[in-house]
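Participant: First the structure, then my questions, so here it is.
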Amino acid sequence: MRFNGKVAIITGAASGIGRATAQRLSMEGACVALVDRNQEGLAAVADALPDQSKVWHRALDISNEAEVEQCVADVLSRFGRIDVLCNNAGIAGGDYSAITETDVAVWQQIMMVNVMGAVHFIKYAARPMRDQRSGAIVNTASVAGVRSGAGGNAYSASKAAVINLTQTAACDLGEWNVRVNAICPGLIETGMTAPVFDRARAVQKEHKLGSRCELRRYGRPEEVAAVIAFLASDDASYVTGQAIP
768 MRFNGKVAII
778 TGAASGIGRA
788 TAQRLSMEGA
798 CVALVDRNQE
808 GLAAVADALP
818 DQSKVWHRAL
828 DISNEAEVEQ
838 CVADVLSRFG
848 RIDVLCNNAG
858 IAGGDYSAIT
868 ETDVAVWQQI
878 MMVNVMGAVH
888 FIKYAARPMR
898 DQRSGAIVNT
908 ASVAGVRSGA
918 GGNAYSASKA
928 AVINLTQTAA
938 CDLGEWNVRV
948 NAICPGLIET
958 GMTAPVFDRA
968 RAVQKEHKLG
978 SRCELRRYGR
988 PEEVAAVIAF
998 LASDDASYVT
1008 GQAIP
C-alpha cells in the first residue's frame, strides 16, 4: 500500500472531502491525524476507521497559530514523523453580496481560515518534512480561485491566495524534497455546499447542478480524495507547484 509507514495530517476531516481523504489514506496504510473544529463529526470519522492504533484526532481552530503549533508537536510526539499534510479545512462564508457591500468582517474571517489556516499548518508541518528531506503537502483550493464568478468575492480571493501560496511554498521547500500542490475542485457535494444542493432540490433543479462542467455533473468527495492521494504519494514524486483543476 502506498502509505504504509507514513503519517498524514488531514484538516477539515469531519466531513466532505476531508473525511473522504481520511478514509482513502487510512485504507492505503497511513497513520492519520485528523483535525476539524467539529468535535462530534471528527470523532465519528475517527471511530469508523479500521485500525485505531493509526488514528489520532483533535478539534481546534486552524486560524489560531498557537493551537496549530501544539497540534503538530503532538502529532510528532504520537507518531514520530509527518509525511503528508492535506490542508482541506475551509469555509465559504455564505456571502455572495457585491464587493461594494461585503462586510470587512466576512473578508477577515474567510482569509483567516482559508489562507492563514493553511499557512499555519505549512509553517509547522513543513519543518519535520524539511528535516527528514521528504514530504508532500496538498492544499484544497477551488475553481473559484481560478476564474471569477464561481464563488463569493472573499471566498474566491481566498482560494486564489491558496493557489499562489502553493506555488510559493513549492519553490521554498523544493530543495528539501518537499512537494506542494493544490487541487481546485468544482462543485462537490459536501457539508459546505449543502445549502446549494438543498435550494436546488427544493425547486427540482438538482439536475442542473454541475451543468457548466464538461462532464455535466457535480463531483463526489471520493473522486477528489483519489486525486489528493495521488499527489500525496510517491507516484507524484516529480509533481510540485501545480494547481489541479
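If you count the sequence shown from 1, position 145 lands on 912 in my numbering, and the numbers rise without skipping.
Every residue gets a Cβ at the ideal spot worked out from N, C-alpha and C, and that includes glycine.
For clarity, every value in this text was computed on a predicted model and none was experimentally measured.
Work out the CA separation of E868 and R848 for me, nearest whole Å.
Facilitator: Computed Cα separation, rounded: 46 Å.
Participant: Below 8 Å on the Cβ atoms is my guess for C951 versus V1006; work out the distance and round it to an integer in Å.
Facilitator: Not quite, the Cβ-Cβ distance comes to about 15 Å (not below 8 Å), so this is no contact.
Participant: Report all residues from its chain with a CB closer than 6 Å to the CB of I930; omit the five preceding and five following residues, and keep chain order.
Facilitator: Hits under 6 Å: A908, G912, A949, A1010.
Participant: Drop a sphere of 10 angstroms on the beta-carbon of L954, count the other beta-carbons inside from all chains shown, and report buried for 16 or more, exposed for fewer.
Facilitator: L954 should be labelled buried.
Participant: Alpha helix (DSSP H) containing L982: first to last residue?
Facilitator: First-last for L982: undefined, no H or E at that position.
Participant: Any beta-carbon of chain C closer than 8 Å to the one on A872?
Facilitator: Looking for chain C here will not work: only one protein chain is present.
Participant: Quick one: Cα of T778 to Cα of M896, how far?
Facilitator: Going by the C-alpha atoms only, they are around 17 Å apart.
Participant: Strictly by DSSP, which residues pair up with L852?
Facilitator: DSSP, once it has assigned bridges, lists I776, I904 as partnering L852.
Participant: Report the option in E981, V822, C838, K821 whose CA atom is closest to the CA atom of I829.
Facilitator: The shortest Cα separation from I829 among E981, V822, C838, K821 belongs to C838.
Participant: Are the beta-carbon atoms belonging to V812 and A789 less than 8 Å from one another?
Facilitator: Closer than 8 Å, so yes.
Participant: At what residue ranges does the segment 777-808 contain a whole run of the beta strand (DSSP E), taking only runs of 3 or more?
Facilitator: Complete beta strand (DSSP E) runs here, min 3: 798-803.
Participant: Under the three-state reduction of DSSP, which class applies to R914: helix, strand or coil?
Facilitator: Here R914 sits in coil by DSSP.
Participant: Verify whether the separation of the beta carbon atoms of I889 and A936 is less than 8 Å.
Facilitator: Yes, the Cβ-Cβ distance between I889 and A936 is below 8 Å.
Participant: Using CA coordinates, which residue listed in G860, D898, R769 is at the minimum distance from C798?
Facilitator: Here the closest residue by C-alpha is R769.
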